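Numbering (this note's numbering), first residue to last: 712 to 824. Glycine included, every Cβ here is placed at the ideal spot set by N, Cα and C. Owing to the predicted nature of the structure, the values given are computational and were not obtained by experimental measurement. Before any comments, here is the structure.
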């Protein structure tokens with residue numbers, strides 16, 4: 712995503728934990744490939760707590776709401792509108808990109824002794 716250097720510096724100052732570039736590619740019902748690009752802030756524990764609580768009621772809506780809350784550029788309305796009918800696309804982004812911020816990329820093991 713192209714941003715002016717001044718805008719990028721402004722976003723970095725506003726979000727000291729970090730900002731990241733996100734991109735979701737998906738195929739529409741008309742068999743067209745669409746791409747949405749955005750800048751999002753690093754999620755914090757409060758984001759995961761709200762997400763976990765919402766996911767108990769409706770996981771698909773929780774994924775969409777989490778992405779919406781993290782987007783800092785451009786306004787999230789257009790991106791959410793484009794993604795709303797493609798839950799697998801935004802759920803994959805949450806699973807593959809957002810969850811690792813909270814240790815989801817850790818390998819664990821357990822066995823009965």
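Spatial neighbours of residue i within its chain, please: C-beta separation below 6 angstroms, excluding the five flanking residues on both sides.
{"i": "residue 766", "result": "773"}
{"i": "residue 747", "result": "735, 790 and 793"}
{"i": "residue 733", "result": "749 and 751"}
{"i": "residue 753", "result": "728 and 729"}
Go through its chain and collect everything with a Cβ distance to residue i's Cβ below 7 angstroms, but skip five positions before and after it.
{"i": "residue 723", "result": "730"}
Excluding the 5 residues preceding and the 5 following residue i in the sequence, name in chain order all residues of the same chain whose CB lies nearer than 8 angstroms to its CB.
{"i": "residue 795", "result": "775"}
Can you tell me which of the options puts its alpha carbon nearest to the alpha carbon of residue i?
{"i": "residue 718", "options": "768, 742 and 783", "result": "783"}
{"i": "residue 809", "options": "820, 739 and 763", "result": "763"}
{"i": "residue 797", "options": "720, 780 and 741", "result": "741"}
{"i": "residue 799", "options": "712, 811, 739 and 743", "result": "739"}
Contact check, residue i vs residue j under 8 angstroms by CB: the rounded distance?
{"i": "residue 824", "j": "residue 805", "result": "Wrong, their Cβ atoms sit about 35 angstroms apart, outside the cutoff."}
{"i": "residue 725", "j": "residue 737", "result": "Incorrect: roughly 29 angstroms between the Cβ atoms, too far for contact."}
{"i": "residue 802", "j": "residue 771", "result": "7 angstroms"}
Could you check what DSSP says for residue i in three-state terms: helix, strand or coil?
{"i": "residue 744", "result": "strand"}
{"i": "residue 677", "result": "Given that the chain is displayed from residue 712 to residue 824, the structure contains no residue 677 and the question cannot be resolved."}
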